[in-house]
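Going left to right, the sequence shown walks through residues 1 to 157 as full-length UniProt numbering numbers them. For glycine and all other residues, C-beta sits at the position ideal for the given N, C-alpha and C. Inspection log for the structure reproduced underneath, given as structure tokens.
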Amino acid sequence: MNRLIAPLVALSLLSAETQAASEIRITQNGAQPSIKGAAENFTGTVRVDGLFKGDLPARIGGGTVTFEPGARTAWHSHPLGQTLIVTAGVGYVQQEGGPRQEIRPGDIVWIPPHIRHWHGATASNGMTHIAIAEAEDGKTVTWEEKVSDAQYAAQAQ
Ligand code: MN
Numbered sequence: 001m002n003r004l005i006a007p008l009v010a011l012s013l014l015s016a017e018t019q020a021a022s023e024i025r026i027t028q029n030g031a032q033p034s035i036k037g038a039a040e041n042f043t044g045t046v047r048v049d050g051l052f053k054g055d056l057p058a059r060i061g062g063g064t065v066t067f068e069p070g071a072r073t074a075w076h077s078h079p080l081g082q083t084l085i086v087t088a089g090v091g092y093v094q095q096e097g098g099p100r101q102e103i104r105p106g107d108i109v110w111i112p113p114h115i116r117h118w119h120g121a122t123a124s125n126g127m128t129h130i131a132i133a134e135a136e137d138g139k140t141v142t143w144e145e146k147v148s149d150a151q152y153a154a155q156a157q
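What follows is the structure, encoded as structure tokens:
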């Protein structure tokens, strides 16, 4: 390779690498199968779709979670908090020591870091929300025990 061409080749290789990390990425609907919410972390039937995760140094990640009537998360917390955007149905969110609050499509819920809480559907209606959380040391959630039927039915903890 002559000394005029070599730098051009090196430049084009560098450019290709940079492009790979800087191009928009579309994950098409249907590219990921729906998955069931893990039995140890949820009560009832829960489906998770559209999992997403930003590339480092971004910390963002999340997915769309659908709860059948009566279904809910276990008690849990998020090290850097969580945002929920309700897209369908009627549901509940409750933090420990606070009232059970009804949430509906269009509602946006902010759960502060380290707050023990649960979210899910009402007893009579399903609920879908988009859940978004940032990872701290790769971790977005700390799972705890299940929400009992008595806790789920109570309007205040
Ligand atoms: Mn949560």
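Local conformation of residue i per DSSP, three classes
{"i": "K146", "result": "coil"}
{"i": "L8", "result": "Its pLDDT being 46, under 50, L8 is placed unreliably by the model, and the measurement read from it follows with that caveat. In this structure, L8 counts as helix in the three-state DSSP scheme."}
{"i": "A74", "result": "coil"}
{"i": "Q157", "result": "coil"}
{"i": "Q28", "result": "coil"}
{"i": "A21", "result": "helix"}
{"i": "L14", "result": "For L14, the pLDDT reaches just 48, beneath the cut-off of 50, and the residue's location in the model is therefore unreliable, although a value from the coordinates is still provided. L14: helix per DSSP, three-state reduction."}
Spatial distance of residue i from residue j (CA atoms)
{"i": "D55", "j": "G120", "result": "29 Å"}
{"i": "E23", "j": "A58", "result": "15 Å"}
{"i": "K53", "j": "G61", "result": "4 Å"}
{"i": "E68", "j": "T45", "result": "6 Å"}
{"i": "H129", "j": "G89", "result": "9 Å"}
{"i": "E40", "j": "A74", "result": "8 Å"}
{"i": "E134", "j": "G106", "result": "21 Å"}
{"i": "M127", "j": "S77", "result": "20 Å"}
{"i": "P113", "j": "S124", "result": "30 Å"}
{"i": "T27", "j": "Y152", "result": "35 Å"}
{"i": "W118", "j": "N29", "result": "28 Å"}
{"i": "K139", "j": "A154", "result": "30 Å"}
{"i": "S148", "j": "A21", "result": "45 Å"}
In DSSP terms, what residue i is bridged to
{"i": "D49", "result": "T64"}
{"i": "V86", "result": "H129"}
{"i": "V141", "result": "In DSSP, V141 forms no bridge with anything."}
{"i": "A121", "result": "G91"}
{"i": "E136", "result": "K139"}
{"i": "I103", "result": "G91"}
Cβ-heavy atom distance, residue i to the ligand MN, below 6 Å
{"i": "Q82", "result": "yes"}
Quiz item: Are there three or more Cβ pairs, one per stretch, closer than 8 Å when the segment 31-44 is compared with the segment 77-96?
Solution: With contact defined as three or more Cβ pairs closer than 8 Å, the segment 31-44 and the segment 77-96 are not in contact.
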